Structures are given as structure tokens and as C-alpha cells.
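Below: one structure, written as C-alpha cells.
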Amino acid sequence: EVQLVESGGGLVQPGGSLRLSCEASGFRVSDKYMSWVRQAPGKGLEWISVIHLSGTTKYADSVKSRFTISRDTSKNMVFLQMKSLSAEDTAVYYCVKEGYSYGLTGFFDSWGQGTLVTVSS
Amino acid sequence: DIQMTQSPSTLSASVGDRVTITCRASQSVSSWLAWYQQKPGKAPKLLIYKASILESGVPSRFSGSGSGTEFTLTISSLQPDDFAAYYCQQYDLSSPRSFGQGTKVEIK
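Rendered as C-alpha cells:
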């Protein structure tokens, strides 16, 4: 059974940094594209980053140069390092596994329970 | 980047109603379109991918159609468990992944 468990969320001051972790089970993170998706309170879903099978990373413009996605295949974990945080980054952050079908990945077939990041002084 | 627009933003319906939600892309995404259901306080759940393929375990009252720039999610007979928010998402290679703003299905 696929399971994704996020951790590392919490209260951080504006301008601060935080590192989110995602522990995967039931599959190998090295075999799947892995993304992070966030949801601000009362708002919709926003894709923010993906790490490809090759290790190539992509980011939404809203977090580019501030957030870094990475993985540790030996621990079967994915991470999101966040810096220069502002109130606009307050959200629940979901770790998601991407599905693969008909030669293309990019849809999200498994989600973690989410971890709340609150940026406030 | 491709922008996704859903309509309506809110929909009031009764149990047993046929419900249709529309999702439009600012440029063609072929059939690279997924739909998700989200209940309050929970993570989203994949319902449909590649515009019309039902994810395993999803009830057959859900269906998806469309290609290019216009897509629909249909619930053939709304059940009490279906009151939730629904999101479309495109995953065309030409653009970063992106979601629609969501449609909330409420009890009438």
C-alpha cells in the first residue's frame, strides 16, 4: 500500500526557513516523479515543485529560487527546503506521487495527509 | 503558462441530481487533464485522469469527457458522499502543472 507521510511544518517568522520531509512507503521514490502541492487556508490547490526520475527539478514561479526539492533514495524520502518565507507561503503542504499513463506523468495519484506551514510574527 | 478556469465556482444540488462541472484551458492540453475530489480537512483524491479514465475504485457515476481546451466532469446521480470540492488539473508537457480554482458542490 502506498503511503506518504509529511512532517516538518510549523510556525515560522517572515524571512525564515523550514524543511519539510515526506516519508514514502509501498514504492520507491526513485521510480516515480514526486511533487509538492500546497493549499492556502480556504483557497485552491497550487502545484509548486516536481523532481523527475533523473533528479531534474522544476518549480512554480511563485517559489522559484526560494524553494528546493530533493530526495534521499536510501531513506525513500522527499524533501522541500523553503527559505525567505512570507505570509503568502502559509498553507498546507502536500507530498504527492505522480501517476504514469499513456506515456506521460503529471497527475497526482497518491497524496499525503499534509503538513501546515504558518508564516507569522 | 496554461491557465485553468472552472465553472461554476459553487453549485447547489440535491441527492439524485445529475451534476456537470466545466473546466476550460487557456490553450490546448490535448487529453492531459485530471479531476480531483476534496472533502474538508482531507487531502484531494484522484477521480479521473487523461480526461476520461476512471481511477481504480472510483464509483462509475463519475465520468469525464473533453479534449483540447474544454472538459467536463459529470456525476450522473449525486450521492450524499459527493458533496465536496472538485478541481481540474492539466499536465500537458508544454506548461507547468496547474489547477483550476475549484468547484464546491453544496446541498440544495
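Residue numbers (this note's numbering), protein chains in the order written: chain X, 6 to 126; chain V, 81 to 188.
Backbone N, C-alpha and C define an ideal beta-carbon position, used for all residues, glycine too.
Remember, predicted model here, so these are calculated numbers, not experimental data.
Residue-level contact to chain B via CB, X:L109, 8 Å cutoff: The chain labelled as chain B is not found among the protein chains of the depicted structure, namely X and V.
Length of the line joining the Cα atoms of V:T102 and X:E6: 33 Å
Bridge partners - V:T183, DSSP secondary structure assignment: Looking at the DSSP output, V:T183 shares a beta bridge with V:Y166.
Cα-Cα separation, V:A164 to V:S110: 27 Å
C-beta atoms of V:G148 and V:Q86 nearer than 8 Å: no
Sequence-distant residues of its chain with Cβ nearer than 8 Å to V:S145 (five each side left out): A131, S132, F151, T152, T154
CA-to-CA distance, X:G119 to X:C27, given in whole angstroms: So the two alpha carbons sit approximately 9 Å from each other.
Continuous beta strand (DSSP E) stretch holding V:T85: start and end: 84 to 87
Residue-level contact to chain X via CB, V:A164, 8 Å cutoff: Output row for V:A164: interface = no.
Touching by the beta-carbon criterion (3+ pairs, under 8 Å), the stretch 10 to 17 of chain X and the stretch 59 to 72 of chain X: Between the stretch 10 to 17 of chain X and the stretch 59 to 72 of chain X, the count of C-beta pairs closer than 8 Å stays below three; the two stretches do not touch.
Whole-angstrom distance between X:M82 and V:F179, CA atom to CA atom: 25 Å
X:L121 to V:Y167 span [Cα, whole Å]: 20 Å
Residues bridged to V:Q159 [DSSP beta-bridge criterion]: In the DSSP output, where bridge partners are listed per residue, V:Q159 has none listed.
Min CB distance V:F179 to chain X below 8 Å: yes
Whether X:D94 touches X:M87 by CB criterion (8 Å): Yes, they are a contact pair.
3-residue-minimum beta strand (DSSP E) runs that sit fully inside the stretch 16 to 45 of chain X, ordered along the chain: 23 to 30, 39 to 44
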